[in-house]
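The structure appears right after this line, and notes come after that.
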Amino acid sequence: MNSPQVITLTDISFRYGAKHRWVLESLSASIDHGSITAILGPNGVGKTTLLYLMLGLLEPQTGVIRLDGREISSIPRTEVSRMIGLVPQLESIPFPYQVVDYTAMGRAPHLGLLGAPQAHDYQVVDRILEMLGISALADRNVQALSGGEAQLIRIARSLAQEPDILLLDEPTAHLDLANKEHMLQMLCRLAEQEMTVLFTTHDPDVAFSIATDAVLMRGGQAIASGDMQSVLTSENLSNAYQLPITVHEVEGHKVILRNAEGCR
Amino acid sequence: MKHRNNKTIFGLSILGLLLLTALSLFVGRYPTPYWMPVDRMLEDPLARRLVLTLRLPRILLALLLGASLASAGAVMQMLFRNPLVEPGFLGVSQGAAFGASLSILTFGSGSLPMHTLAIGFALAGLVGSYILARRLRFGGWVLRLVLAGIAVSALFSAGTGVLKYLADPLTELPEITFWLLGGLWSGTWEDVLNVLPFVIPGLLLVFLLRWRLNLLSLDDETAWSLGASPEKERWWLLLGAVVATAALTAIAGIVGWIGLIVPHIARRLFGADAQLHLPGAMIIGAAFTLLCDDIARTLTAGEIPLGILTSLLGAGVFMLIMTTFRVHLKR
Numbered sequence: 009m010n011s012p013q014v015i016t017l018t019d020i021s022f023r024y025g026a027k028h029r030w031v032l033e034s035l036s037a038s039i040d041h042g043s044i045t046a047i048l049g050p051n052g053v054g055k056t057t058l059l060y061l062m063l064g065l066l067e068p069q070t071g072v073i074r075l076d077g078r079e080i081s082s083i084p085r086t087e088v089s090r091m092i093g094l095v096p097q098l099e100s101i102p103f104p105y106q107v108v109d110y111t112a113m114g115r116a117p118h119l120g121l122l123g124a125p126q127a128h129d130y131q132v133v134d135r136i137l138e139m140l141g142i143s144a145l146a147d148r149n150v151q152a153l154s155g156g157e158a159q160l161i162r163i164a165r166s167l168a169q170e171p172d173i174l175l176l177d178e179p180t181a182h183l184d185l186a187n188k189e190h191m192l193q194m195l196c197r198l199a200e201q202e203m204t205v206l207f208t209t210h211d212p213d214v215a216f217s218i219a220t221d222a223v224l225m226r227g228g229q230a231i232a233s234g235d236m237q238s239v240l241t242s243e244n245l246s247n248a249y250q251l252p253i254t255v256h257e258v259e260g261h262k263v264i265l266r267n268a269e270g271c272r
Numbered sequence: 141m142k143h144r145n146n147k148t149i150f151g152l153s154i155l156g157l158l159l160l161t162a163l164s165l166f167v168g169r170y171p172t173p174y175w176m177p178v179d180r181m182l183e184d185p186l187a188r189r190l191v192l193t194l195r196l197p198r199i200l201l202a203l204l205l206g207a208s209l210a211s212a213g214a215v216m217q218m219l220f221r222n223p224l225v226e227p228g229f230l231g232v233s234q235g236a237a238f239g240a241s242l243s244i245l246t247f248g249s250g251s252l253p254m255h256t257l258a259i260g261f262a263l264a265g266l267v268g269s270y271i272l273a274r275r276l277r278f279g280g281w282v283l284r285l286v287l288a289g290i291a292v293s294a295l296f297s298a299g300t301g302v303l304k305y306l307a308d309p310l311t312e313l314p315e316i317t318f319w320l321l322g323g324l325w326s327g328t329w330e331d332v333l334n335v336l337p338f339v340i341p342g343l344l345l346v347f348l349l350r351w352r353l354n355l356l357s358l359d360d361e362t363a364w365s366l367g368a369s370p371e372k373e374r375w376w377l378l379l380g381a382v383v384a385t386a387a388l389t390a391i392a393g394i395v396g397w398i399g400l401i402v403p404h405i406a407r408r409l410f411g412a413d414a415q416l417h418l419p420g421a422m423i424i425g426a427a428f429t430l431l432c433d434d435i436a437r438t439l440t441a442g443e444i445p446l447g448i449l450t451s452l453l454g455a456g457v458f459m460l461i462m463t464t465f466r467v468h469l470k471r
């Protein structure tokens with residue numbers, strides 16, 4: 009964990025099949041250790057695809073992805089799972105697992121193929137549920153949770169992997185204002201604990217509120233990446249979203265105004 | 141924690157199963173209908189021989205059949221993320237039926253060709269479904285396997301129909317029909333030994349990988365992010381479940397409903413975590429099948445086909461659960 013850059017993407021190109029369009033084209037970016045990085049861009053720009061590439065779930069047709077300086081394809085699967093946790097945007101859980109059992113599934117990378125969670129693993133689970141403030145949900149049925157609670161248990165399951173890097177796909181997309189704020193504060197707390205947090209969002213305001221770094225995407229490429237302040241400028245955002253957007257500072261917080269005309 | 145509670149139910153279930161197995165040895169139509177007194181078994185050499193050579197292997201087959209069908213059902217429901225699938229649907233049941241019918245028409249009622257063809261075509265059904273699913277250009281992996289299973293089952297079912305149409309209505313047709321109704325009346329020690337090489341590895345694989353089933357019931361991306369290889373692991377578990385089921389189907393015929401209904405009862409009693417509910421399904425499946433088989437061979441002077449009883453009782457239990465309890469059918 010000494011390398012300042014935990015993930016580096018070099019010249020990544022990816023498409024889902026030979027007859028499909030390129031989703032990503034020669035994308036390069038790097039993610040710093042301990043940063044909160046927002047992957048920002050319009051819908052369908054390939055943000056989720058980028059997360060799957062970082063997990064090794066998809067393999068790029070060209071380019072190299074390195075985790076801690078090692079090529080991801082050369083790292084054993086369970087080792088990758090101990091380094092990176094994924095919090096999908098939505099997850100269908102077809103059976104009524106108890107929250108504690110569902111969270112314990114995150115222990116899989118620490119167990120063998122034939123293993124099952126032991127007392128020690130349940131201690132880790134209890135600790136994580138407590139840290140997220142959802143110990144009261146432990147015995148509840150995962151299918152009976154609210155949207156905000158469901159998002160929290162997905163994070164709990166990923167944290168049970170005890171990863172160094174947490175990837176979150178649109179973590180605030182389905183949350184109301186209070187839950188959104190709670191979620192963002194929690195990501196800040198995780199970053200304070202030396203975790204590298206990487207999340208996708210289509211909403212620049214979410215990026216402004218907590219990100220230290222940003223990767224701004226458009227047309228399968230990173231049009232800017234690095235320090236959040238220098239990436240998320242009026243000019244870059246207008247370019248990414250193809251809309252006249254201006255960044256303003258209100259009481260010390262950055263907000264965007266899209267200069268839309270309303271009904272025309 | 142909650143697991144202590146489950147262990148109590150677990151211990152009681154195993155105890156109940158052992159008790160039922162012991163009682164089943166005394167249940168039957170010799171020397172008088174329904175019950176053999178204990179001292180009779182000790183004194184009467186014929187009674188002892190009957191229990192050891194006829195009842196015991198049949199009881200063992202019923203236990204294995206129930207455990208295999210129920211655990212295969214539990215495995216498939218989790219792998220297919222669908223609580224309504226059952227072990228035979230990937231072309232396995234219909235494949236076995238076709239193989240058995242073919243054997244009756246070509247080799248008469250010999251048990252070796254019948255078992256060989258039944259298990260051969262059951263596995264052919266599985267492999268056929270798998271290959272077809274790989275070639276389908278439509279939907280996700282699970283949907284493709286389900287569609288392929290339906291298509292392959294329909295093919296075999298049509299084939300069985302043709303064989304029934306061609307069969308001699310006085311000799312072969314009744315035999316096919318009786319086989320399709322399912323039953324263990326012909327079960328011998330030889331059958332027990334023949335199925336063990338399939339059943340033990342199949343059930344062992346499923347049992348050892350049971351916690352893994354939880355991961356595989358999640359979305360593919362999530363399962364992958366937890367270090368699982370969803371497609372490969374699903375295939376191995378499927379193979380284990382189906383091989384055990386196919387071997388026993390070859391002997392017992394089509395015994396329905398156990399694979400569908402028992403996993404539901406097991407999840408209700410032991411929770412959704414497969415670490416506990418899979419062994420639970422094995423125990424309940426074994427007990428339910430043994431109970432049905434006891435009734436099948438005892439209630440009347442003739443034999444009631446086992447498949448009829450499991451469907452009758454299974455459907456009853458299913459309706460009871462669907463109407464009394466809350467059932468989670470998400471998506």
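The listed protein sequences derive, respectively, from chains Y and R.
Going letter by letter, the first sequence gives residues 9 to 272 in my numbering.
Going letter by letter, the second sequence gives residues 141 to 471 in my numbering.
Ideal placement from N, C-alpha and C gives every residue a C-beta, glycine not left out.
Note that the structure is a prediction, hence the values are computed from the model and not measured.
Residue i versus residue j - alpha carbon distance
i: Leu65 (chain Y); j: His261 (chain Y); result: 37 Å
i: Gly322 (chain R); j: Gly231 (chain R); result: 17 Å
i: Gly393 (chain R); j: Leu446 (chain R); result: 9 Å
i: Ala237 (chain R); j: Ser243 (chain R); result: 10 Å
i: Ser100 (chain Y); j: Asp359 (chain R); result: 7 Å
i: Ile15 (chain Y); j: Phe347 (chain R); result: 38 Å
i: Ala455 (chain R); j: Gly151 (chain R); result: 27 Å
i: Leu182 (chain R); j: Asn334 (chain R); result: 30 Å
i: Asp221 (chain Y); j: Ile424 (chain R); result: 55 Å
i: Met203 (chain Y); j: Gly42 (chain Y); result: 5 Å
i: Pro96 (chain Y); j: Thr209 (chain Y); result: 12 Å
i: Leu295 (chain R); j: Ile316 (chain R); result: 18 Å
i: Ala386 (chain R); j: Ala46 (chain Y); result: 52 Å
i: Arg374 (chain R); j: Leu219 (chain R); result: 6 Å
First and last residue of the uninterrupted beta strand (DSSP E) at residue i
i: Ala222 (chain Y); result: 221-226
i: Ile44 (chain Y); result: 44-48
i: Leu138 (chain R); result: Outside the shown range of chain R (141 to 471) lies residue 138 (chain R), about which nothing can therefore be said.
i: Thr180 (chain Y); result: That residue, Thr180 (chain Y), is in no beta strand (DSSP E); it is neither H nor E in DSSP.
i: Lys262 (chain Y); result: 261-266
i: Phe410 (chain R); result: Per DSSP, Phe410 (chain R) belongs to no beta strand (DSSP E); it is in the alpha helix (DSSP H), 398-410.
i: Asp40 (chain Y); result: 32-40
Spatially closest choice to residue i from the options, by CA coordinates
i: Pro179 (chain Y); options: Y:Leu59, Y:Gln131, Y:Gln201; result: Y:Leu59
i: Leu245 (chain R); options: R:Trp319, R:Pro445, R:Val339, R:Leu353; result: R:Trp319
i: Leu196 (chain R); options: R:Pro173, R:Trp329, R:Trp175; result: R:Trp329
i: Val395 (chain R); options: R:Ile448, R:Ala384, R:Leu348, R:Leu355; result: R:Ile448
i: Ile39 (chain Y); options: Y:Val132, Y:Ser81, Y:Leu174, Y:Arg148; result: Y:Leu174
i: Met254 (chain R); options: R:Leu460, R:Asp331, R:Asp433; result: R:Asp331
i: Glu259 (chain Y); options: Y:Leu185, Y:Leu35, Y:Ser217, Y:Ser242; result: Y:Ser217
i: Leu206 (chain Y); options: Y:Glu200, Y:Asp213, Y:Leu195, Y:Ile83; result: Y:Leu195
i: Gly249 (chain R); options: R:Lys372, R:Leu313, R:Gly299; result: Residue identity differs from the one stated: residue 249 (chain R) is Ser in this sequence, not Gly. Nearest of R:Lys372, R:Leu313, R:Gly299 to Ser249 (chain R), Cα basis: R:Leu313.
i: Thr18 (chain Y); options: Y:Ile44, Y:Ala181, Y:Gln69; result: Y:Gln69
i: Arg350 (chain R); options: R:Pro309, R:Leu460, R:Asp413; result: R:Asp413
i: Leu430 (chain R); options: R:Pro403, R:Leu324, R:Gly301, R:Ile290; result: R:Leu324
Residue span of the alpha helix (DSSP H) that contains residue i, given as start and end
i: Ile20 (chain Y); result: Premise fails: Ile20 (chain Y) lies in the beta strand (DSSP E), 13-22, not in any alpha helix (DSSP H).
i: Glu371 (chain R); result: 370-392
i: Arg189 (chain R); result: 185-190
i: Val72 (chain Y); result: Unbroken run through Val72 (chain Y) is the beta strand (DSSP E), 70-75; no alpha helix (DSSP H).
i: Thr2 (chain Y); result: Because chain Y in this structure spans residues 9 to 272, residue 2 (chain Y) falls outside the shown range and cannot be described.
i: Asp308 (chain R); result: Careful: Asp308 (chain R) lies outside any alpha helix (DSSP H) and carries neither H nor E.
* the stretch 159-170 of chain R contacting the stretch 434-454 of chain R, beta-carbon criterion three pairs below 8 Å -> yes
* Asked: Does the count of Cβ pairs from the stretch 262-273 of chain R and the stretch 190-209 of chain R closer than 8 Å reach three?
  -> With a cut-off of 8 Å, the stretch 190-209 of chain R and the stretch 262-273 of chain R do not count as touching, because too few Cβ pairs lie within range.
* When you check each C-beta in the stretch 241-270 of chain Y against every C-beta of chain R, which residues fall closer than 9 Å? -> Under the 9 Å Cβ criterion, the stretch 241-270 of chain Y contributes no residue.
* Give the residues from the stretch 91-107 of chain Y that approach chain R closer than 8 Å (Cβ to any Cβ), ordered along the chain. => Result list: Ile92, Gly93, Leu94, Pro96, Glu99, Ser100, Ile101, Pro102, Phe103, Pro104, Tyr105, Gln106.
* Is the stretch 151-168 of chain R touching the stretch 241-255 of chain Y, taking contact as three or more C-beta pairs under 8 Å? -> no
* So does the stretch 210-230 of chain Y actually touch the stretch 46-59 of chain Y, counting three or more Cβ pairs closer than 8 Å? -> yes
* Asked: Three or more beta-carbon pairs under 8 Å between the stretch 217-235 of chain R and the stretch 394-411 of chain R, yes or no?
  -> yes
* May I ask you to verify whether the stretch 105-120 of chain Y touches the stretch 144-151 of chain Y, counting CB pairs closer than 8 Å and requiring at least 3? => With a cut-off of 8 Å, the stretch 144-151 of chain Y and the stretch 105-120 of chain Y count as touching, because enough Cβ pairs lie within range.
* **Interfacial residues, the stretch 398-421 of chain R to chain Y, with Cβ spacing under 8 Å** => Arg407, Gly411, Ala412, Asp413, Gln415
* To do: Check distances from the C-beta atoms of the stretch 344-356 of chain R to those of chain Y and list, in chain order, the residues that come in under 9 Å.
  => Leu348, Leu349, Arg350, Trp351, Arg352, Asn354, Leu355
* Asked: For the 8 Å Cβ check, are there 3 or more pairs between the stretch 87-98 of chain Y and the stretch 158-172 of chain Y?
  -> Taking 8 Å as the limit for Cβ pairs, the verdict is that the stretch 158-172 of chain Y does touch the stretch 87-98 of chain Y.
* Which residues, taken in chain order from the stretch 365-386 of chain R, show a beta carbon closer than 9 Å to some beta carbon of chain Y? -> Ser365, Leu366, Gly367, Ala368, Ser369, Glu373
* **Proximal residues, the stretch 219-239 of chain R versus chain Y, C-beta separation under 8 Å** => Among the residues of the stretch 219-239 of chain R, those with a Cβ less than 8 Å away from any Cβ of chain Y are Arg221, Asn222, Pro223, in the order of the chain.
* Contact list for the stretch 198-224 of chain Y against chain A, Cβ threshold 7 Å -> Checking the listed chains, one finds no chain A in this structure; the protein chains it contains are Y and R.
* Any chance the stretch 362-370 of chain R sits against the stretch 111-120 of chain Y, with 3 or more Cβ pairs inside 8 Å? -> yes
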